[in-house]
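The listed protein sequences derive, respectively, from chains A and B. For the first sequence, the working numbering begins at 1 and goes up steadily by one. For the second sequence, the working numbering begins at 181 and goes up steadily by one. Idealized CB from N, CA, C, for every residue including glycine. Here the structure comes first, spelled out in structure tokens, and everything after it is commentary.
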Amino acid sequence: MIFATVGTQLPFDRLLTNLDSWAARNPNMHVFAQCGLSTAKVPHIKTTPTLSQSAFRHHFASASLIVAHAGMGTILTAAELGKPVILMPRRAALNEHRNDHQSDTAREMAKLSNVMIAEDEAALHAALNTAMSQRLCTQSPKHETHPAQLEGLIDVVRDFVWAVPSKEAPVQFHKGAVST
Amino acid sequence: MLRKKNTAPVVLAVSSGGGHWTQMQRLAPAFSGADVHFATTDASASEQVGAHNFYVYPDANKSTPIRLMLCVLSLVWIVLRVRPDVIVSTGAAGGFLAIRIGRLIGARTMFIDSIANARRLSVSAHLALNVADHVLSQWPGVAAKTGAEYRGAVI
Chain A
1 MIFATVGTQL
11 PFDRLLTNLD
21 SWAARNPNMH
31 VFAQCGLSTA
41 KVPHIKTTPT
51 LSQSAFRHHF
61 ASASLIVAHA
71 GMGTILTAAE
81 LGKPVILMPR
91 RAALNEHRND
101 HQSDTAREMA
111 KLSNVMIAED
121 EAALHAALNT
131 AMSQRLCTQS
141 PKHETHPAQL
151 EGLIDVVRDF
161 VWAVPSKEAP
171 VQFHKGAVST
Chain B
181 MLRKKNTAPV
191 VLAVSSGGGH
201 WTQMQRLAPA
211 FSGADVHFAT
221 TDASASEQVG
231 AHNFYVYPDA
241 NKSTPIRLML
251 CVLSLVWIVL
261 RVRPDVIVST
271 GAAGGFLAIR
281 IGRLIGARTM
291 FIDSIANARR
301 LSVSAHLALN
311 VADHVLSQWP
321 GVAAKTGAEY
331 RGAVI
């Protein structure tokens with residue numbers, strides 16, 4: 001089963017129609033999509049607007065391949081569960097998001113071995129065919145995270161939570177940082 | 181709002197749904213031993229943390245002004261009810277608002293920008309720079325050019 005997800009905030013018709021055209025040519029592959037506010041007609045895909053957190057994880061875990069917008073929830077869950085994922089970044093120019101940060105995310109995340117990026121329909125179909133032919137569907141790629149980075153961040157947050165503010169110098173420092 | 185000695189700090193962990201919530205869950209071990217309350221925009225997330233100490237607020241951003249007002253009111257209520265010593269947020273708009281409100285009652289605050297923002301800070305993180313005690317970016321390059329701190333990442 002291929003599980004597709006586009007998040008719940010904004011529609012992403014382009015991803016769904018491009019996936020649908022692939023599903024039409026590959027009728028043996030079951031495709032299930034969480035489509036959010038998207039309104040595209042996708043006759044070859046089964047869809048649901050939203051999923052609860054637990055249902056989302058269930059579909060994610062039982063899928064052999066994930067196709068998604070370049071949202072961090074999807075990328076982190078894919079890393080955690082060791083799932084191959086094809087990301088299509090939302091583009092602001094097509095009114096798919098408020099800005100192009102998903103392209104930045106996708107470019108950085110392409111370094112992970114389980115991540116493929118598809119900018120358009122042709123690339124998505126190529127990536128889907130590659131994933132199928134490599135039988136990524138049956139094997140989980142190596143789970144890639146950097147535990148030191150996560151442990152470090154958790155320690156920083158824990159130290160902050162337990163820090164006792166001193167009475168002499170109440171926590172009130174201003175950075176005055178101005179970004180360019 | 182100084183807490184008494186030998187009592188666990190009250191933590192309000194605020195994040196939008198989706199990836200923001202996923203990142204907050206990855207950081208959750210940081211709250212062990214504290215009196216932690218979660219606030220998010222997705223009611224179904226209570227399945228992961230239990231209904232205890234769980235609050236829901238409306239999702240909003242700068243292009244949805246009416247929902248933004250509801251979001252502010254909801255977060256005011258949550259902050260006044262929880263009375264946190266510490267507010268930690270992984271974004272987005274609601275996290276900034278909770279921190280802004282939290283400062284009024286003397287809470288210590290930390291805004292951790294989403295790892296999705298690999299090239300620039302989010303709007304919420306930019307706003308938080310002038311308000312929160314700490315604003316963290318999960319990308320060293322972004323931290324270096326914005327005045328945010330880099331102290332690690334969730335992946």
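task = Measuring only between beta-carbons, confirm whether phenylalanine 60/A sits less than 8 Å from chain B.
result = For the purposes of this step, residue 60/A is taken as residue 60 along the first sequence, with counting starting at 1. Output row for phenylalanine 60/A: interface = no.
key: Three-state secondary structure assigned by DSSP to aspartate 120/A   = Stepping through the first sequence from its first residue, residue 120/A is reached at position 120. Reduced to three states, the DSSP call for aspartate 120/A is coil.
request  = Using a Cβ-Cβ cut-off of 8 Å, state whether serine 52/A counts as contacting chain B.
outcome  = In the first sequence, counting from the first residue as 1, residue 52/A sits at position 52. By this cut-off, serine 52/A is an interface position.
key: 8 Å Cβ cutoff, arginine 158/A in contact with chain B   = Position 158 of the first sequence, counting from 1, holds the residue named residue 158/A. Taking Cβ atoms only, chain B reaches closer than 8 Å to arginine 158/A, which makes this a yes.
task = List the residues of chain A whose Cβ lies closer than 9 Å to the Cβ of isoleucine 267/B, in chain order.
result = To locate residue 267/B, count along the second sequence from 1; it is residue 87. Correct list: empty, because the minimum Cβ distance to chain A is about 10 Å.
inquiry  = If we define contact as Cβ-Cβ less than 8 Å, is isoleucine 246/B a contact residue for chain A?
reply    = As a position in the second sequence, residue 246/B is number 66, starting the count at 1. Answer no: the Cβ-Cβ gap between isoleucine 246/B and chain A never drops below 8 Å.
ask   = In chain A, which residues lie with their C-beta within 7 Å of the C-beta of asparagine 297/B?
value = Numbered from 1 along the second sequence, position 117 holds the residue referred to as residue 297/B. Under the 7 Å cutoff, chain A gives His101.
Whether histidine 217/B touches asparagine 233/B by CB criterion (8 Å) = Stepping through the second sequence from its first residue, residue 217/B is reached at position 37. Stepping through the second sequence from its first residue, residue 233/B is reached at position 53. In contact: histidine 217/B and asparagine 233/B (Cβ atoms closer than 8 Å).
request  = Answer with yes or no whether the minimum CB distance from serine 304/B to chain A is below 8 Å.
outcome  = Taking the first residue of the second sequence as 1, we reach residue 304/B at position 124. Answer no: the Cβ-Cβ gap between serine 304/B and chain A never drops below 8 Å.
ask   = If you drop the 5 nearest sequence neighbours on each side, which residues of the same chain put their C-beta closer than 8 Å to that of glycine 376/B?
value = In the structure as shown, chain B begins at 181 and stops at 335. Residue 376/B is therefore absent and cannot be evaluated.
key: Identified DSSP bridge partners for histidine 200/B   = Looking up residue 200/B in the second sequence gives position 20. Answer is none; histidine 200/B lacks a bridge partner.
query = Between the C-alpha atoms of asparagine 114/A and asparagine 129/A, what's the straight-line distance to the nearest angstrom?
reply = By one-based count along the first sequence, residue 114/A stands at place 114. By one-based count along the first sequence, residue 129/A stands at place 129. Cα-Cα distance, rounded: 15 Å.
ask   = Can you round the beta-carbon distance between leucine 10/A and glutamine 203/B to whole angstroms, since I take them to be within the 8 Å contact cut?
value = The residue given as residue 10/A occupies position 10 in the first sequence. The residue given as residue 203/B occupies position 23 in the second sequence. Not confirmed; about 19 Å, so no contact.
query = Using a C-beta cutoff of 8 Å, does leucine 207/B count as contacting chain A?
reply = Here residue 207/B refers to the residue found at position 27 when the second sequence is read from its first residue. Cβ-Cβ to chain A under 8 Å: yes for leucine 207/B.
key: Local conformation of aspartate 215/B per DSSP, three classes   = The count along the second sequence starts at 1 and reaches residue 215/B at position 35. Three-state result, aspartate 215/B: strand.
task = Report the residue ranges of all beta strand (DSSP E) runs contained in full by the region 250-275 of chain B; include only those spanning at least 3 residues, in chain order.
result = 266-269
ask   = Mapping DSSP to helix, strand and coil, what is histidine 97/A?
value = Here residue 97/A refers to the residue found at position 97 of the first sequence. Coil.
Among Leu37/A, Thr48/A and Gln53/A, nearest to serine 224/B - alpha-carbon criterion = On the second sequence, residue 224/B is found 44 positions in, with the first residue counted as 1. Among Leu37/A, Thr48/A and Gln53/A, the Cα nearest to that of serine 224/B is on Gln53/A.
request  = Please work out which residues of its chain come closer than 6 Å, Cβ to Cβ, to lysine 46/A, disregarding the five sequence neighbours upstream and downstream, and give them in chain order.
outcome  = Position 46 of the first sequence, counting from 1, holds the residue named residue 46/A. Phe32, listed in sequence order.
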